[in-house]
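A.B. asks:
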Amino acid sequence: MKLSYSGQEQVKAPPAAVWAFVQDPERVARCLPDVQDVVVHDQNHMDATVQVGVGMVRGKFKFKIEVQPDEAQNRVNVKVQGGGLGSVVDLTAGAKVIDNGDGTTTLDWTGDATMRGPVATVGGRVLDAQAQKLIQRTFQNMSAQVEARAGTLA
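According to full-length UniProt numbering, the sequence shown holds residues 1 to 154 in order.
(1) Where does ALA13 sit, in a helix, a strand or coil, going by DSSP?
(2) From the DSSP output, which residues share a beta bridge with GLU66?
(3) Identify whether MET115 lies in helix, strand or coil by the three-state DSSP scheme.
(4) With VAL50 and GLN36 assumed to form a contact (beta carbons below 8 Å), what rounded beta-carbon distance in angstroms separates them?
(5) In whole angstroms, what is the alpha-carbon distance linking ARG75 and MET1?
(6) Which residues does DSSP list as the beta-bridge partners of ALA93?
(7) Once you ignore the five residues that flank ASP90 on each side, which residues in its own chain have a CB closer than 6 Å to its CB?
(8) Helix, strand or coil for GLY53? Go by DSSP, reduced to three states.
(9) To the nearest angstrom, how far is the alpha carbon of ASN44 from that of LYS64?
(10) Taking Cβ positions only, does GLN145 come closer than 7 Å to chain C?
(11) Is the distance from the Cβ of GLY111 to the Cβ of ALA93 below 7 Å?
(12) Assuming SER143 contacts VAL11 under a Cβ cut-off of 8 Å, what Cβ separation, rounded to an integer in Å, is found between them?
(13) What whole-angstrom Cβ distance do LEU85 and VAL97 have, given they're in contact under 8 Å?
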């Protein structure tokens with residue numbers, strides 16, 4: 001099952017604060033909803049264990065995450081691969097970092113996911129709504145953490 005999403009998140013912090021945040025892989029991984037554990041391997045690679053609940057499918061999923069910040073292109077990309085309970089998830093998400101010119105930043109994001117196994121059999125609408133919510137919440141968490149960090153530095 002393939003799913004695609006897009007949206008925007010307003011961050012009440014300048015782009016420099018966003019770039020500083022996305023260069024820290026543990027902080028980025030902690031933005032995943034229901035994350036239970038994060039193991040950082042290097043500046044761009046980490047593993048995360050996440051509690052997942054989609055319909056009747058509930059349990060822990062393990063993911064390999066690669067964060068690819070590209071300040072020259074004003075873009076950060078994230079690749080997530082893994083799964084659990086006999087299901088496999090491949091997710092590619094990215095956000096264009098837009099300077100609003102007033103000390104705030106817009107993350108103009110997109111995400112594409114492919115799911116196989118029991119999680120994909122839950123049903124289109126349930127899975128679609130849950131995946132949209134998880135991606136949206138990840139960017140909301142990122143925004144909140146960047147804002148909190150920028151506030152402590154001001």
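Using N, Cα and C, we set each Cβ at its ideal position, and we do this for glycine too.
C.D. replies: This is what the structure gives:
(1) coil
(2) HIS45, LYS79
(3) strand
(4) Contact flag correct, Cβ pair sits at about 7 Å.
(5) 27 Å
(6) DSSP, once it has assigned bridges, lists VAL78, GLY111 as partnering ALA93.
(7) GLN81, THR114
(8) Note: GLY53 maps to strand in three-state DSSP.
(9) Rounded to whole angstroms, the gap between the alpha carbons of ASN44 and LYS64 is 11 Å.
(10) Absence of chain C from the displayed structure is noted, only one protein chain being present.
(11) Contact annotation: GLY111 and ALA93 have beta-carbon atoms nearer than 7 Å.
(12) The Cβ separation is near 5 Å, so the contact holds.
(13) Contact doesn't hold; Cβ gap of about 35 Å is too wide.
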